[in-house]
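Presented below is the structure to which this report refers.
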Amino acid sequence: MKELYFTENHYYYSYLTSSLFKTTAKMSRYLNSIEDISELHDDYVEKRITEELYGRLKRLIVADTNCMGEKGNRITKLQLIVNNYCNMNCTYCYANGGTYNSNPTKMKYETMVNAVDLFFEKYKCIEYLSFFGGEPLLNIESIDKICNYVEQHYKDRYNGFLMMSNLYSLSEEAIAVIKKHKIRITVSLDGKEEINDCYRKDLLGEGSYKVVSDNIIRLRNKCNQPEAIEATLSGVHNTYGIDGLQLAYFFDTNFGIKCSSSISVKKYKDINISEYIDKKIDIEDYINVFIESGEITEPVRELLSIIRGYTYNKSFCDAGIGQYTVMSNGDIYPCQVFSLASEHKFVMSNVNCFSTEKFEEVQNSLLKYNKERVGCNSCEKKNRCHFCIANQLVANGKFEIPNDCREEKEEYNRYIEYYAQLYDNKEKWEAFKLRIKESERIWNTI
Amino acid sequence: MDNAVFDVLDIIDVAKIEGLEDAEFSWCFGLIACGSDNKPNKDKTKG
């Protein structure tokens, strides 16, 4: 029973099954009296506890194991790198100007068709087809054609189209395509002009804020896109005293966009950037703002992710199992970051000349990095750990588990504690659930 | 331990009873660019 987390209000959290349980004082005494899991089973066999109660208690101590990404015969995302060049030159770009260290190429329409056909043949459902780059809007013609193709051939087998764009260049033709295919856009922007323009520059080295913010407003007026903003936090944000919550306010006030994501910059090679110094997040502040005005931020995602729970995933990430990326030349990778690893050893084949053998070989090699094999088996956070294998392989050329995960574990426990407190406050919990419903309604109406 | 001392409400699975267990929450995770929908906010990369 060591896996259980306990508060004075008799809440237990099972690390093993990622579930929060509310118990009475009586039950709590009983659970504390059990020294070994097998005693629970003995009590059931000897009819000291009912079958129903045993069934409930079993959820505290028995977890299914699975492999992340295995969701029947469907995958979360097929991502197409529709071109590997960009009309911007952000200082911190990990992809070397969007090229991923390859020759700049526009993905051919035929390659897109091959990619889509291949993965729809392998899987019954692809939740989202995602367009990424480089800068995907520079290949809008082929995006339009492939959307038409998917709508025509794979109706009812996908949920929609996504695009990650810098919105630096937005033609009327692009707006029409986004509207026509209801493409959901996430735009990159780091905050107000002084902050954004430090690292997000155009090809001439000029700041991009003015152009991008005008384009966001133009697109919002035409079709309510972009829906989300992804910001890269750097030391510049520290200098201005800006955190994820203030960024969320800024994006809502200036663009009416409530969904944002703030990610700390990752320093590759010797790029001259200052890294973001994390401060301890006050979870309650973020949740209060979500309840009051619907701002969807990282702590909201983290809490919801804990609430919905998971069975134990052996893998750190579902890349190469539950999602795939096809580069502009047709090469398949688990995700685009793997394409930066040396010797291209994670290329899973090519959509234009597919080899099942190679595909499965890479899948099997990815399984080598599962938590049980690399020594994370006894960690209380193993259920929720999504350490990025690709980042490490690119940065260090090899994969090693971190020496010290104390901070991550402490943060996890803070979320669990907050979850129990939130549920214990009935009025606030109801308001929280109401906001979830409202956010879902808005998502479904776009 | 006598089973009669326990009531079914003596232990409840919060997410299950609230209908949030295994919820998709697409509105929350769908638009985030990086990899797995459930990553912590560290060690992510973006373009």
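Going line by line, the protein sequences match chains U and W. Okay, so the first sequence: first residue is 6 according to the working numbering, each after it adds one. Okay, so the second sequence: first residue is 716 according to the working numbering, each after it adds one. Backbone N, C-alpha and C define an ideal beta-carbon position, used for all residues, glycine too.
- The contact set of G314 of chain U on chain W, defined by CB atoms closer than 8 Å, consists of A730, E736, D737 in chain order.
- At least one CB atom of chain W sits nearer than 8 Å to the CB of E445 of chain U.
- CA-to-CA, the gap between N277 of chain U and N408 of chain U works out to about 27 Å.
- Under DSSP, M168 of chain U forms a beta bridge with U:F136, U:I190.
- Per the DSSP secondary-structure output, M93 of chain U pairs in a beta bridge with U:D207.
- The DSSP assignment places 288–298, 303–313 as complete runs of the alpha helix (DSSP H) inside the segment 264–314 of chain U, in order along the chain (cut-off: 4 residues).
- Counting every other CB atom within 10 Å of its CB across the protein chains shown gives K27 of chain U a total of 16 or more, marking it as buried.
- Rounded to whole angstroms, the Cβ separation of G402 of chain U and N119 of chain U is 32 Å, and the two are not in contact under 8 Å.
- With contact defined as three or more Cβ pairs closer than 8 Å, the segment 122–142 of chain U and the segment 169–179 of chain U are in contact.
- Taking C-beta separations shorter than 8 Å and ignoring five residues to either side along the sequence, the partners of R162 of chain U in its chain run F125, K129, C130, I131, following chain order.
- T237 of chain U: member of the beta strand (DSSP E) spanning 233–238, first to last residue.
- Straight-line spacing of the CA atoms in L83 of chain U and L372 of chain U works out to 20 Å.
- Setting aside the 5 residues that flank it on each side, Y428 of chain U is surrounded in the same chain by W434, each with a C-beta closer than 6 Å to its C-beta; the list follows chain order.
- DSSP places V216 of chain U in the uninterrupted alpha helix (DSSP H) bounded by 214–228.
- According to DSSP, V331 of chain U shares a beta bridge with U:L85, U:I337.
- The continuous stretches of alpha helix (DSSP H) do not include T28 of chain U, which lies in the beta strand (DSSP E) extending over residues 24–28.
- Contact holds between the segment 178–195 of chain U and the segment 229–242 of chain U, because three or more Cβ pairs, one in each stretch, are under 8 Å apart.
- Contact annotation: S333 of chain U and T302 of chain U have beta-carbon atoms that are not nearer than 8 Å.
- By the beta-carbon neighbour count (other beta carbons within 10 angstroms, threshold 16), Q397 of chain U is buried.
- For T450 of chain U, none of the residues of chain W pass the 9 Å Cβ criterion, the least Cβ distance being about 11 Å.
- Below the 7 Å Cβ cutoff, chain W contributes no neighbours of V241 of chain U, its closest Cβ being approximately 16 Å away.
- Going by C-alpha positions, A395 of chain U is about 22 Å away from E362 of chain U.
- In this structure N88 of chain U is in contact with K111 of chain U, their Cβ atoms being roughly 5 Å apart against a cut-off of 8 Å.
- Taking the Cα of G734 of chain W as reference, the smallest distance to any Cα among U:L123, U:I312, U:I86, U:C98 is reached at U:I312.
- The Cβ-Cβ distance between Q328 of chain U and Y105 of chain U does not fall below 8 Å.
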